[in-house]
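Following: one structure in structure tokens, then a few remarks.
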Amino acid sequence: MKFKALFAAGLLAISHSALAITVGFSQVGSESGWRTAFSEDMKAEAQKRGIDLKFSDGQQKQENQIRAVRSFIAQGVDAIIIAPVVETGWTPVLREAKRAHIPVIIVDRNIDSNKNLYVTRIASNFEEEGEKVGNWLMKKTGGKCNIVELQGTVGASATIDRAKGFREAIAKYPDAKIIRSQTADFTRAKGKEVMESFLKAEDPKHICALFSHNDEMALGAIQAIKEAGLKPGKDILITSVDGVPDYFKAMADGDANITVELNPHLGAPAYDVVEKVLKGDKHIPKLISTTGDVFGQDTAAAEYAKRSKAM
């Protein structure tokens, strides 16, 4: 009887193993606190659901991501999730996944490719994020503002769309203009470096506000502004996108003004889609939106306490 029980348990274990879903996830990298939180959420949610997650850090290089996707295809994973570093150049590898009958889900940034090559994209509306920042800034300044801009990675959809949305929002105000704009690759160190160059190139008294495409660059810029003997959040308004705990602390301290939240908890909606498509669901929308709200100094302390506790 004992042997039969052990044998049955063994067969059950093999059965569960055979049924386990294997997912390959190609992540951009770990350039920011938001990105790290996103990666950790993907891993935690996979573990919670019993999904075998094969995680690959692209280190901000598309060639690394494409290599990872081809490896996932060779391994015969059940599904592939991609958080793309840039929009273009994905079509060939997506066609390879299609030929291998492996569904692909795009998360966070967008891709410029035939929509038939992937199931859906799960992301915030980056253009709307930029628009929300621009609308807040125009209301705050009465439409009169010289703005410096820290852009994200060149070619990334978040960079392209946040810039577009922001420009459309301020275009209605002739006394609002972007006087300096440069990429800082979504990193804190680069944000500080580029902001230092802005402060040298322009009279700081003529800079009304900073629009940063993410919180990490903004936090670097805040440091540069302080080192220049100025008060960020007062002498220069600080606006951004992401909603990472460190930025909420900066707002609570008066060093930053607003951010538009970018939800890093994309694991649940991503794996929901994986499970649905593997069951044959054909009614999945091509875009699942996760656009967040505007947060300011008034709620920053409470939000920081809540978010830092959750980490």
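One rule links them: number in the working numbering = place in the sequence shown (from 1) + 29. Note that the Cβ used here is the ideal one computed from N, Cα and C, for glycine as well.
- Within the segment 246-307, the runs of beta strand (DSSP E) at least 3 residues long that lie entirely inside it are, in chain order, 266-271, 287-291.
- Less than 7 Å divides the Cβ of Thr212 from the Cβ of Val183.
- Gly194 is not a Cβ neighbour of Glu245, given a cutoff of 7 Å.
- Distance from the CA of Leu307 to the CA of Asp86, rounded to the nearest whole angstrom, comes to 25 Å.
- Under the DSSP assignment, Ser186 falls in the alpha helix (DSSP H) whose first and last residues are 186-199.
- According to the DSSP assignment, Ile102 belongs to the alpha helix (DSSP H) that extends over 91-104.
- Taking 7 Å as the cut-off, the beta carbon of Thr170 is found no closer than this to the beta carbon of Ser142.
- Non-local beta-carbon contacts of Asn164 in its own chain, meaning distances under 7 Å to residues more than five positions away in sequence, involve Ala198 in chain order.
- Per DSSP, the beta bridge partners of Glu178 are Ser210, Phe240.
- The criterion of a C-beta distance shorter than 7 Å is satisfied by Asn243 and Val270.
- Per the coordinates, the alpha-carbon of Phe67 lies some 28 Å from the alpha-carbon of Ala129.
- A contact is defined here as three or more CB-CB pairs under 8 Å, and the segment 110-117 fails this definition with respect to the segment 268-288.
- Residue range 320-325 is occupied by the beta strand (DSSP E) that includes Asp322.
- The segment 105-159 contains, as complete alpha helix (DSSP H) runs of 4+ residues, the segments 120-128 (chain order).
- Here Glu256 is exposed. Its C-beta has fewer than 16 other C-beta atoms within 10 Å.
- CA-to-CA, the gap between Lys221 and Gln252 works out to about 7 Å.
- The bridge partners DSSP lists for Ala218 come to none.
- Counting along the chain, Lys234 sits inside no alpha helix (DSSP H), nor does DSSP assign it H or E at all.
- Taking a 10 Å sphere around the C-beta of Ser186, we find 16 or more other C-beta atoms and assign the residue as buried.
- Counting the other CB atoms within 10 Å of its CB gives Asn286 a total of 16 or more, which places it among the buried residues.
- Here the segment 93-108 makes no contact with the segment 324-333; the two share fewer than three CB pairs at distances below 8 Å.
- Bounds of the alpha helix (DSSP H) holding Ser68 are 62-78.
- Pairing Val162 with Thr51 gives a Cβ-Cβ distance that is not under 7 Å.
- Counting only the Cα atoms, Asn175 lies some 16 Å from Ile254.
- With 16 or more other Cβ atoms inside 10 Å of its own Cβ, Thr216 counts as buried.
- Scanning its chain for C-beta atoms nearer than 8 Å, with the 5 sequence neighbours on each side dropped, one finds around Glu116 the residues Arg138, Asn139, Ile140, Asp141, Gly184, Ala185, Ser186, Ile189, in chain order.
- C-alpha of Phe240 to C-alpha of Ala329: approximately 18 Å in a straight line.
- Measuring C-alpha to C-alpha distances from Leu316 to each of Asp214, Phe155, Lys77, Lys90 identifies Phe155 as the nearest.
- Relative to Ala49, the option among Gly79, Glu225, Ala218, Ser100 whose CA is nearest is Gly79.
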